[in-house]
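First the structure, in the form of structure tokens, and then the observations on it.
Number of protein chains: 4
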Amino acid sequence: MTELLPTFLDSLLTDGELTSLIGTEADCAAMLRFELALAAAEAVVGLIPRQAASRIIEAAQTFRPDLDQLGRGALKDGVVAADFVRQLRVHVGEPEAGHVHTGATSQDVIDTALALKLGPVLALFEARLGAVISALDRLKADFAGEPLMGRTRMQAAIPITAGQRIAVWRGLLDRAAKALVEVRARNLIVSLAGAAGSSDKLGHQAEEIRHHMAAALGLSVPDYVPHAARDRIISLGDWLSQVTGALGKMGQDIALMAQNEIGEVTLAGSGGSSAMAHKQNPVRAEVLVTLARFNAVQVSGLHLSLIHEQERSGAAWTLEWMILPQMLNTTGTALLHAGNLLASVTRMGSPSSA
Amino acid sequence: MTELLPTFLDSLLTDGELTSLIGTEADCAAMLRFELALAAAEAVVGLIPRQAASRIIEAAQTFRPDLDQLGRGALKDGVVAADFVRQLRVHVGEPEAGHVHTGATSQDVIDTALALKLGPVLALFEARLGAVISALDRLKADFAGEPLMGRTRMQAAIPITAGQRIAVWRGLLDRAAKALVEVRARNLIVSLAGAAGSSDKLGHQAEEIRHHMAAALGLSVPDYVPHAARDRIISLGDWLSQVTGALGKMGQDIALMAQNEIGEVTLAGSGGSSAMAHKQNPVRAEVLVTLARFNAVQVSGLHLSLIHEQERSGAAWTLEWMILPQMLNTTGTALLHAGNLLASVTRMGSPSSA
Amino acid sequence: MTELLPTFLDSLLTDGELTSLIGTEADCAAMLRFELALAAAEAVVGLIPRQAASRIIEAAQTFRPDLDQLGRGALKDGVVAADFVRQLRVHVGEPEAGHVHTGATSQDVIDTALALKLGPVLALFEARLGAVISALDRLKADFAGEPLMGRTRMQAAIPITAGQRIAVWRGLLDRAAKALVEVRARNLIVSLAGAAGSSDKLGHQAEEIRHHMAAALGLSVPDYVPHAARDRIISLGDWLSQVTGALGKMGQDIALMAQNEIGEVTLAGSGGSSAMAHKQNPVRAEVLVTLARFNAVQVSGLHLSLIHEQERSGAAWTLEWMILPQMLNTTGTALLHAGNLLASVTRMGSPSSA
Amino acid sequence: MTELLPTFLDSLLTDGELTSLIGTEADCAAMLRFELALAAAEAVVGLIPRQAASRIIEAAQTFRPDLDQLGRGALKDGVVAADFVRQLRVHVGEPEAGHVHTGATSQDVIDTALALKLGPVLALFEARLGAVISALDRLKADFAGEPLMGRTRMQAAIPITAGQRIAVWRGLLDRAAKALVEVRARNLIVSLAGAAGSSDKLGHQAEEIRHHMAAALGLSVPDYVPHAARDRIISLGDWLSQVTGALGKMGQDIALMAQNEIGEVTLAGSGGSSAMAHKQNPVRAEVLVTLARFNAVQVSGLHLSLIHEQERSGAAWTLEWMILPQMLNTTGTALLHAGNLLASVTRMGSPSSA
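Chains as they are written, first to last, in our numbering: chain Y, 1 to 354; chain R, 1001 to 1354; chain H, 2001 to 2354; chain Z, 3001 to 3354.
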């Protein structure tokens, strides 16, 4: 991948764990899982010979796609799937090669592979969300009763407690955690509908094949043709931005609380300055605001992709590919920073109460 | 309201029914309903005298706020509520004036008034969504079996039927209609939490007051302090853009189908040109794309507003006021155009089959 | 126009002077000016009879378009121009009616009318920008030497002077004012290119006609066909957001300076609260942030419209109509608020120096 | 850098040449050039000893920053500069170490390094723009006279020539090429203003130091303090989106022309499908639309960053770091695709004329 950001900003702006979940290897593995599950399911219903499925599954053990060739294929076709299938067929060899990918299309592979990658990503995010919520519970236990100035329109209003503000942060995250159930249900699905969504080469067994695949892959079967209907992607992007927005609100609050004259929070180990060694900056709090704004901007790109013309839009689909990984990365990074930021809080409350 | 668009574009770009649901009068009526329900509920629990509530309710019958004065108040305070309450108090007169708005704050009035206005708006949209879905069912009944060229990446792929494409459109709308349940549950809520969200002047009866109000107003009571937690607004904006995106996909498809050389749809009464009298333009189809893009852009503004600092952010809240009515209007307009567009379809299918 | 915002928010969120510059009447007047200049120019070069031009110009004096009819036409055609021309032709009467709008197309009328409306709007904004810059000069004269804490990453850094911060605000506005020259040059142009941009009915005299029109209308003649090339609109939108962004930075700074514990600025007559009579809110400062964010969001919609397919895109063009007036309004409103906000500053500088 | 996209999409979605211009090494080299030019300039004016500058310049030859350490520093400080300077000081050694970075701040290093990196990037883009324009001239030479159907609102209007459509594409790119002059002038500047923009440790020689640095670095000296004034970044982002928008319009047109029934363009070597071997997809044309939409979305994030609070905003500045490289990459990629797409055009014009 072209190096657009210097690596030394990785710690600040990227989520290192995502590489193994959505990078090149993960993607190839997910596409292969799709093809294997497809072959197995098609063998069960009799659409392809059982021995073809066996050979495909056996060959897959040693299948190592040529990445350069995949790259050339992706450029030519606008999507990697055709070349991936071609390479897999060569690797499987005759006479079973022709049974690979029977009745499926590029979008079936790519979209199902996305669902397969999303599973562990969403599990990771859920765990991190839980950790942030726990960190808030720790803050609540420690500081809930501390006095805090309630502030509206950037002005002191009336005294509240630290617990009240923490409760707002926690509520936003609680509701995001609950909303994950629906996001997962909508996104962790098998896509299998063939060249133009009509499942024409899968025949009357299409639904049965999907159900076999879903069982094997830990996904569910949608009650609609998912190719050109991208509303589930929107729901995912909206959720990611809901998470970063909630964390951004918390970050903004903490950055405001950490202002010198206000001093309503103390953070251990905040960042310094190249010009002023004494200065302590609430770096993670600010970055949470950045990441929230970033996702708020991106979400508009995903919504645009809902206008997905005809049976498959290269223009709209490719835009998803560009934006969704960025939003996943931003969300993962924000969750990490939030956990660390809350862990660094050593005091909350009005300074006069310290 | 400042006239930014010439009135002759209203029919194309605005939803005339919304004025009566969210315009000045509707807003004043909703704010008044909040104050009356608050007084009534506070009288029931004994926070204010019963006769105060009676007087407030009686006086409300003849309350006609001075709009110019409200405007001056809104400019001064950044929100109309303070002046609205002041005028209402004057109208109620002594000695009960002081019991108006007891324990509430601006955001309680404004946010609850929003919920009250949203009720009928969402009902209207639901009805229109149903009408569009019915129109699709009519198309399905008439043309489902017609052959259509399936198209992927703007190229002919394999033949499908008109019914398959209609089913994609319908599925997107069906799911949007179902998602409305959740949007409604999240948004049709009573906001009542006082100056800085701590319900400090409502005492231990705060929850009871909220439940009385909710019952009177047909809303529900949230299990969180809603002032600075704007995730419900996001869910509403996301949904509005989900609806317009679904309609925009349909509009884009129809505009492509209506191309002269392709001729896969015939629309009665399409628009003309000042230079070419013979030309028939698929105006409503194109406008659906426009409205979808508009909402896709706006949704990013609402997501930004999730970063709502401290107990109440003037900057973030006011951005919601600017964007949400626009999105409601765009959605309402798109639903109207979609219904009329589908009603104008006199033929669907490949031209060779005509 | 559908009333989406209650009128009492006009003072906060709209620029009342714009109605007379870009509303219905202004639009009709601008379209009529286009048709008259066209007829006059075409008569000069001999494309239409001189007496036809005379009759058109005479008839225009009493031409009052039927707005309801225009609305029906706009809905049918997706643009008001065809019906406007039709009504004008009826009003001109035979035998000259046919000479109205000779060789022009809808986009010629609408885009030139936009240029005609933009002239006074940009002049108004330039004057207001000048007033804001003057207000900054007044602040500079009064408070430039006052000590202020320099703040980086929301933390106190080293002492600076109020003059340094004011200089940053002023510089942003100075550069915006200078950039207006280019925006004006690009946007105040005659559009005249006929049905599909080929000026086919204007013949070899097309350029001469354009120059006559430009002279009469105070516009210039572009060296390209402007129909499908929307880069000038982008440059306008970018500039509007540059202005509101600059004012938003100033507003954000002032809102932060006005925080109670920081007290680096005193504002006369700030807004109150319905719950806390003692509270003074920096309403205009916050609204400047809101308006800047609003325009930052919208600018993305205009950039999308650069993807203007073929010779004329209804979808892309209509999106401009929805967004540009909003951005003009936001910019005008922000300039008004900025002037008033700066006029209300009675003190700047660290509170210890007060 | 975290691998968010599989490497096999690089050829489709990334510009490989950018890594060497804006990646880790390029960034370190640019930061080092800043520090060397600073030391040299400060020695000339006598702010630091000449031998200190000599030692710093000598030591720089062998300076290889520890990237892991830089990463830890960036996370702690929110910016890499402080640790970069610390490492450089260690490498320079005593007694000259203390003269490194005299009077400068993090933002001086980072923003000047950005300007240094932008120089070759903009030169690259200018060359590619020139190549695309040349490719259009080739098309014009070959096909300008071919008949083409002029299309408005997605409908056939009147016949035009291929040359007319090519001229629209070319005009958009010509104007973008011309606008680069201004973008370059605004962005290729030295930033040197110290901790809070007051150049406090540079004294009366600040301007002289800047001019020496500018001469050495091939940059110019701005007439304002650039830290918190981000309008030049906006102008850069707007320009990048102007370029991709122009290319996106061309891509959209070509994708529409390439539709089977329309056949107004023939592209050699278009992409295939995993399900339909016979199908030829206009991949690059579609990707141009994707990249244009992507940048149109991102531009809103840069405009948000104009609201850069106080003397330096971590939240706003970091958002620039996330978005700007993405936009550079998108623009570079679009220019490459556009050149290749146009080179693949073997025919333009109405099919009946073939």
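Even for Gly, the Cβ is constructed at its ideal location relative to N, Cα and C.
Nothing here was measured: the structure is a model prediction, and the numbers come from that model.
Check, Outcome
"Give me the chain Y residues within the contact set of Z:Thr3024, using Cβ-Cβ distance strictly less than 8 Å, ordered along the chain.", "Glu3, Pro6, Thr7, Phe8"
"Within this structure, are the beta carbons of Y:Ala175 and R:Glu1311 separated by less than 7 Å?", "Reading the sequence as shown, one finds Arg at residue 175 of chain Y and not Ala. In this structure, R:Glu1311 does not lie closer than 7 Å to Y:Arg175 by Cβ."
"Helix, strand or coil for Z:Val3190 per DSSP?", "coil"
"Using the beta-carbon of each residue, which ones in chain R are nearer than 7 Å to H:Asp2027?", "Pro1006"
"Find out if the Cβ-Cβ distance for the pair H:Ala2074, R:Leu1288 is shorter than 7 Å.", "no"
"Taking the straight line between their C-alpha atoms, what separation do you get for Z:Arg3357 and Z:Ala3338?", "Residue 3357 of chain Z lies beyond the stretch modelled for chain Z, which goes from 3001 to 3354, so this question has no answer here."
"Which residues in chain H have a C-beta closer than 8 Å to the C-beta of R:Trp1321? List them in chain order.", "Leu2005, Leu2009, Leu2013"
"In angstroms, rounded to a whole number, what distance separates the CA positions of Y:Leu256 and Y:Lys249?", "11 Å"
"For R:His1211, collect the residues of the same chain with a Cβ closer than 6 Å to its Cβ; drop the 5 residues on either side in sequence, then sort them by chain order.", "Val1221"
"Between the stretch 3185–3199 of chain Z and the stretch 3219–3233 of chain Z, can you find at least three pairs of beta-carbon atoms closer than 8 Å?", "yes"
"Taking 6 Å as the limit between beta carbons, can you name the residues of its chain near Z:Thr3266, skipping five residues before and five after?", "Thr3346, Arg3347"
"Could you name the residues of chain Y that R:Ser1198 contacts, counting a contact when the two beta carbons are closer than 9 Å?", "Gly150, Ile158, Pro159, Ile160, Thr161, Gln164"
"Since Z:Leu3247 and Z:Ala3334 should fall inside the 8 Å C-beta cutoff, what is the C-beta to C-beta distance between them, to a whole number of angstroms?", "5 Å"
"Do H:Glu2208 and H:Val2109 come within 7 Å of each other at the CB atom, strictly closer than that value?", "no"
"In chain order, which continuous runs of the alpha helix (DSSP H) of length 4 or greater are located wholly inside the stretch 2229–2259 of chain H?", "2231–2257"
"Hey, how far is the Cα of Z:Arg3230 from the Cα of Z:Trp3317?", "9 Å"
"Curious, which full-length alpha helix (DSSP H) runs of at least 4 residues does the stretch 3009–3077 of chain Z contain?", "3010–3013, 3018–3022, 3024–3044, 3050–3060, 3067–3077"
"Report the neighbours of Y:Gln155 on chain B: residues whose CB is nearer than 8 Å to its CB, in chain order.", "Absent from the structure is chain B; the protein chains it does hold are Y, R, H and Z."
"Once you ignore the five residues that flank Z:Gly3103 on each side, which residues in its own chain have a CB closer than 6 Å to its CB?", "Gly3194, Lys3201, Leu3202"
"Kindly indicate the opening and closing residues of the beta strand (DSSP E) around H:Val2085.", "H:Val2085 -> not in any beta strand (DSSP E); alpha helix (DSSP H) instead, spanning 2081–2092."
"Exposed or buried, Z:Ala3127, counting other C-beta atoms within 10 Å across all chains shown (16 or more means buried)?", "exposed"
"How about H:Ala2144: is its C-beta nearer than 7 Å to some C-beta of chain R?", "no"
"With a cut-off of 7 Å, does the C-beta of Y:Ala338 fall near any C-beta of chain H?", "no"
"Using the C-alpha atoms, what's the distance from Y:Phe63 back to H:Gln2242?", "54 Å"
"Is R:Ala1113 closer than 7 Å to R:Met1031 when the C-beta atoms are compared?", "yes"
"Buried or exposed for Y:His204, going by 16 or more other Cβ atoms inside 10 Å?", "exposed"
"Below 7 Å between beta carbons is the criterion; list the residues of the stretch 1292–1314 of chain R that meet it against any residue of chain Z, in chain order.", "Ser1300"
"Nearest to Z:Trp3239 by alpha carbon, out of Z:Ala3296, Z:Ser3198, Z:Glu3058, Z:Gly3263?", "Z:Ala3296"
"Would H:Arg2089 count as contacting chain Z if we go by Cβ distances under 7 Å?", "no"
"Against chain Y, which members of the stretch 1242–1254 of chain R pass a CB distance test of less than 9 Å?", "Gln1242, Thr1244, Gly1245, Ala1246, Gly1248, Lys1249, Gly1251, Gln1252, Asp1253"
"Return helix, strand or coil for Y:Ala144, following the three-state DSSP convention.", "coil"
"What three-state label does DSSP hand Y:Met327 in the structure shown?", "helix"
"Report the neighbours of H:Ala2141 on chain R: residues whose CB is nearer than 9 Å to its CB, in chain order.", "By Cβ distance, chain R contributes nothing, its closest Cβ being about 28 Å from H:Ala2141, past 9 Å."
"By the 10 Å Cβ neighbour count, where 16 or more other Cβ atoms means buried, how is R:Ala1268 classified, buried or exposed?", "exposed"
"Which residues mark the beginning and the end of the beta strand (DSSP E) in which Y:Ala156 is found?", "155–161"
"Could you pull the DSSP bridge partners for H:Arg2175 from this structure?", "DSSP, once it has assigned bridges, lists no residue as partnering H:Arg2175."
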